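Before any comments, here is the structure.
Chains as they are written, first to last, in this note's numbering: chain A, 6 to 94; chain B, 18 to 398; chain C, 66 to 410.
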């Protein structure tokens with residue numbers, strides 16, 4: 006439900022509009038739902054509206070957590086002497 | 018694609034898969050309901066179920082706005098388009114959903130109705146501006162994510178003095194539906210669906226925040242993890258749920274921190290509250306009548322409410338007999354347990370909404386799930 | 066749809082009913098607009114039917130109807146598309162195209178300037194392809210009974226000795242090759258659709274593929290299947306082949322060439338690039354031992370420089386097309402049901 010895609014704001018236009026870009030695709034979106042927005046922000050685009058800003062720090066942190074989840078499991082496995090790492094390759 | 022591709026990385030997926038395998042207790046089963054069709058779509062599209070142990074099962078929930086819209090409301094939209102000479106605008110998702118006697122908007126269009134697909138409410142407003150001598154109705158569907166754009170359109174129409182624009186409002190609310198699923202007694206002859214935890218809505222929560230799920234988590238003692246829609250988000254959220262279940266916790270946790278906060282988007286909430294109010298009750302396909310589960314347009318904005326502008330005739334709307342959409346939406350049955358699935362009902366000739374929407378469980382099973390067909394068919398037989 | 070402002074030789078006026086009436090107005094339209102641009106000896110004979118000298122070999126004949134909105138799009142228009150599409154239908158049989166015909170159904174009120182642009186674009190495409198339009202016809206329908214212009218074409222070709230390409234010839238173990246990135250045409254068209262407008266550098270890949278095919282069949286006459294994945298995209302074309310040949314196909318998602326801009330447009334609109342249309346790409350199914358030879362030939366041709374081996378044919382009673390996702394799972398790639406509509410959920 007609710008297809009929404011992060012895209013970068015590249016310019017602010019009149020009438021609560023902005024242009025967002027994603028890999029060379031440029032699309033006008035409404036910013037009427039945002040308190041404030043600046044060029045360079047990543048926003049979540051849904052049905053032609055910027056719904057929410059995306060926190061770049063949180064995105065990095067989530068990716069970090071994902072990477073660590075695996076590492077932790079591998080370490081535990083190694084401690085138990087049943088590493089799957091070798092089997093996978 | 019920044020902030021998209023990273024969350025579809027196969028290497029990280031294998032790491033998370035190992036973590037899940039490590040932490041999931043082989044002695045118990047984990048029934049995780051993904052409320053949203055977006056999660057269902059990701060699970061099938063990327064083959065997430067292939068990557069998690071067999072005892073971690075995803076139960077597909079009713080979070081597909083196209084699927085939960087009762088046939089009567091769709092029949093009303095068809096009536097608006099065919100019987101009231103309006104330009105009916107709507108999102109592409111609704112075009113092929115069958116109403117009573119399989120009549121969809123696409124068929125109504127073939128019969129001469131002026132139905133136009135839009136990508137945004139801004140497009141619907143533009144059509145109204147360009148056709149001042151025609152009534153333009155926006156057939157609004159969707160959860161809390163899709164509601165604010167409708168509210169903005171109504172406010173904008175009023176600001177511009179557009180007198181030929183109105184909204185047929187079918188916006189529904191997520192938390193009451195979740196509470197209803199946990200609370201509802203099974204229908205006679207049905208085994209109640211077992212849910213150990215919820216993958217909570219991602220984009221809905223970007224608007225309403227994660228606080229509204231706290232009562233459900235507390236009262237029903239079910240953990241909720243607000244989960245992003247990319248496949249790695251789904252896997253990490255499953256891991257977080259497994260941890261909560263193992264530890265006997267039932268909290269609302271937020272995996273989708275890059276977008277969702279506790280309070281959500283206050284400005285969007287304020288705009289919606291200005292234009293709309295909660296209905297006493299609303300019918301959901303599959304869930305029946307759920308109290309305080311939908312929005313209607315406030316009396317102050319009555320002129321923009323298609324339901325007060327046009328006199329809709331009461332109708333005897335009927336779903337296809339033996340279509341199991343309702344039970345599938347409750348998570349009680351799998352699509353393959355429906356007699357119509359894959360025989361009478363296919364994406365080319367859908368009998369129910371779950372086969373139309375690309376997030377509907379039936380369409381997802383049909384499109385992506387047949388690889389595991391043998392096992393699935395055994396269950397059905 | 067109006068012509069580009071300031072286009073050279075912008076002809077004034079619009080199509081009216083007399084242009085289809087069989088009288089002088091029609092004769093002038095045909096002479097000044099079609100014959101002038103599409104000039105070639107066969108057409109210049111002025112017969113209702115062209116008399117052709119055809120090289121020896123079995124004949125291949127195809128017919129194609131072209132309706133498209135918008136008529137003009139980044140990378141082409143209905144004129145060039147009608148030429149390329151027809152030539153590709155001939156080429157996918159492994160044949161060398163010899164000549165084309167074209168009929169125009171014009172809607173009353175259609176700007177003559179736009180019609181001339183289309184005729185010129187058609188002439189250019191035919192000339193580049195080295196295949197003349199040898200016969201034509203024009204009819205006019207009343208305003209509201211057409212969508213500007215419809216073009217119906219026929220293509221004639223000759224099959225070289227030893228080539229037996231058929232959608233029914235795919236066999237387990239064979240390789241699946243693709244001549245370049247998918248979805249360019251579909252996205253270019255969508256970018257100009259009313260209400261969806263977005264800006265993109267992506268242009269339609271519309272192109273005539275018979276030159277590429279000739280190089281391929283010269284190198285490997287025993288190619289099993291050739292198919293241009295037009296409407297319905299790669300997914301639908303492969304499903305058709307799997308069905309007709311009675312086999313399954315396994316695809317490697319990461320091997321399928323896809324431009325980032327096409328991927329992004331599809332994300333934004335909720336579409337799947339596997340179902341997006343192509344007008345200048347081909348799928349080739351061949352013996353695995355011929356795959357490297359063919360890939361080298363394809364990559365040496367300007368229209369195949371991004372060719373890739375994307376999968377293989379397997380035995381499968383269900384005739385499924387299955388894709389191994391970059392994420393590590395598997396999924397069925399089904400037929401397209403109905404038109405792919407932009408979605409919000």
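Virtual Cβ for every residue (Gly too), placed ideally from N, Cα, C. Predicted, not measured: the structure shown is a model, and the values here were computed from it.
Determine the direct distance from the alpha carbon of residue j to that of residue i, and round the result to whole angstroms.
i	j	result
residue 157 (chain B)	residue 121 (chain B)	16 Å
residue 238 (chain C)	residue 281 (chain C)	20 Å
residue 94 (chain B)	residue 293 (chain B)	20 Å
residue 98 (chain B)	residue 167 (chain B)	19 Å
residue 161 (chain C)	residue 392 (chain C)	42 Å
residue 395 (chain B)	residue 338 (chain B)	Here residue 395 (chain B) scores only 30 on pLDDT, less than 50, and its place in the model should not be relied on; the value that follows carries that caveat. Near 24 Å, if we compare the C-alpha coordinates of residue 338 (chain B) and residue 395 (chain B).
residue 62 (chain B)	residue 264 (chain C)	28 Å
residue 17 (chain A)	residue 231 (chain C)	54 Å
residue 186 (chain B)	residue 40 (chain A)	25 Å
residue 41 (chain B)	residue 101 (chain B)	57 Å
residue 13 (chain A)	residue 26 (chain A)	5 Å
residue 265 (chain B)	residue 43 (chain B)	16 Å
residue 366 (chain C)	residue 135 (chain B)	41 Å
residue 197 (chain C)	residue 225 (chain C)	20 Å
residue 251 (chain C)	residue 60 (chain A)	33 Å
residue 225 (chain B)	residue 309 (chain B)	16 Å
residue 116 (chain C)	residue 369 (chain B)	56 Å
residue 291 (chain B)	residue 394 (chain C)	45 Å
residue 145 (chain B)	residue 151 (chain B)	8 Å
residue 302 (chain B)	residue 119 (chain B)	16 Å
residue 63 (chain A)	residue 274 (chain B)	6 Å
With DSSP as the reference, please indicate the residues paired to residue i in a beta bridge.
i	result
residue 273 (chain B)	Beta-bridge pairing links residue 273 (chain B) to no other residue.
residue 266 (chain C)	In the DSSP output, where bridge partners are listed per residue, residue 266 (chain C) has none listed.
residue 205 (chain C)	C:171
residue 322 (chain B)	B:184
residue 227 (chain B)	For residue 227 (chain B), which the question treats as bridged, DSSP gives no partner whatsoever.
Can you list, in chain order, the residues of its chain with a C-beta nearer than 7 Å to that of residue i? Leave out the 5 residues immediately preceding and following it.
i	result
residue 413 (chain C)	Lying before the first or after the last residue shown, residue 413 (chain C) is absent from chain C, which here runs from 66 to 410.
residue 295 (chain B)	309, 312
residue 346 (chain C)	243, 244, 245, 247, 270, 293, 294
Given residue i, which residues of its chain have a CB within under 6 Å of its CB, disregarding the five upstream and five downstream residues?
i	result
residue 33 (chain A)	22, 24
residue 107 (chain B)	156
residue 209 (chain B)	203
residue 371 (chain B)	84, 342, 345, 377, 378, 379
residue 155 (chain C)	125, 127, 162, 220, 222
Taking Cβ-Cβ distances shorter than 8 Å, what residues in chain C pair up with residue i?
i	result
residue 82 (chain B)	410
residue 112 (chain B)	406
Along chain A, in chain order, which residues have C-beta atoms closer than 8 Å to that of residue i?
i	result
residue 325 (chain C)	28, 29
residue 333 (chain C)	10, 12, 27, 30, 32, 50
residue 314 (chain B)	The premise fails here: residue 314 (chain B) is roughly 18 Å from chain A at the closest Cβ pair, so nothing lies under 8 Å.
Alpha carbons only, please: which of the options is nearest the one belonging to residue i?
i	options	result
residue 236 (chain C)	C:384, C:270, C:344	C:384
residue 335 (chain C)	B:241, B:115, B:374, B:165	B:374
residue 319 (chain B)	B:105, B:183, B:66	B:183
residue 130 (chain C)	C:153, C:168, C:101	C:168
residue 319 (chain C)	C:380, C:373, C:84	C:373
residue 396 (chain C)	B:145, B:328, B:369, B:382	B:382
residue 350 (chain C)	C:329, C:340, C:324, C:315	C:315
residue 180 (chain B)	B:129, B:362, B:323	B:323
residue 49 (chain A)	B:20, B:66, B:236, B:34	B:20
residue 67 (chain A)	B:305, B:271, B:361	B:271
residue 308 (chain C)	C:121, C:136, C:323, C:400	C:400
Residues in the same chain with beta-carbon distance under 8 Å from residue i, minus the five sequence neighbours each way, listed in chain order, please.
i	result
residue 114 (chain C)	200
residue 212 (chain B)	48, 49, 50, 76, 198, 199, 239, 348
residue 241 (chain C)	303, 314, 316, 348, 349, 350, 374, 375, 376, 377, 378
residue 137 (chain B)	166
Taking Cβ-Cβ distances shorter than 7 Å, what residues in chain C pair up with residue i?
i	result
residue 17 (chain A)	Residues of chain C passing the Cβ test: none, with the nearest at roughly 16 Å.
So with CB distances below 8 Å, who are the chain B contacts of residue i?
i	result
residue 402 (chain C)	363, 364, 365
Against residue i, what residues of chain B qualify as contacts under a CB-to-CB distance less than 7 Å, listed in chain order?
i	result
residue 261 (chain C)	136
residue 329 (chain C)	18
Run down chain C in chain order and give the residues with a C-beta less than 9 Å from the C-beta of residue i.
i	result
residue 104 (chain B)	Residues of chain C passing the Cβ test: none, with the nearest at roughly 13 Å.
Which chain A residues are close to residue i, counting only those with a beta carbon under 9 Å from its beta carbon?
i	result
residue 253 (chain B)	67, 70, 71, 74
residue 284 (chain B)	37, 38, 39, 40
Kindly list, in the order they appear in chain B, the residues whose Cβ is closer than 9 Å to that of residue i.
i	result
residue 45 (chain A)	Residues of chain B passing the Cβ test: none, with the nearest at roughly 12 Å.
List, in chain order, every chain A residue whose beta-carbon is nearer than 7 Å to that of residue i.
i	result
residue 275 (chain B)	59, 60, 63, 64, 67
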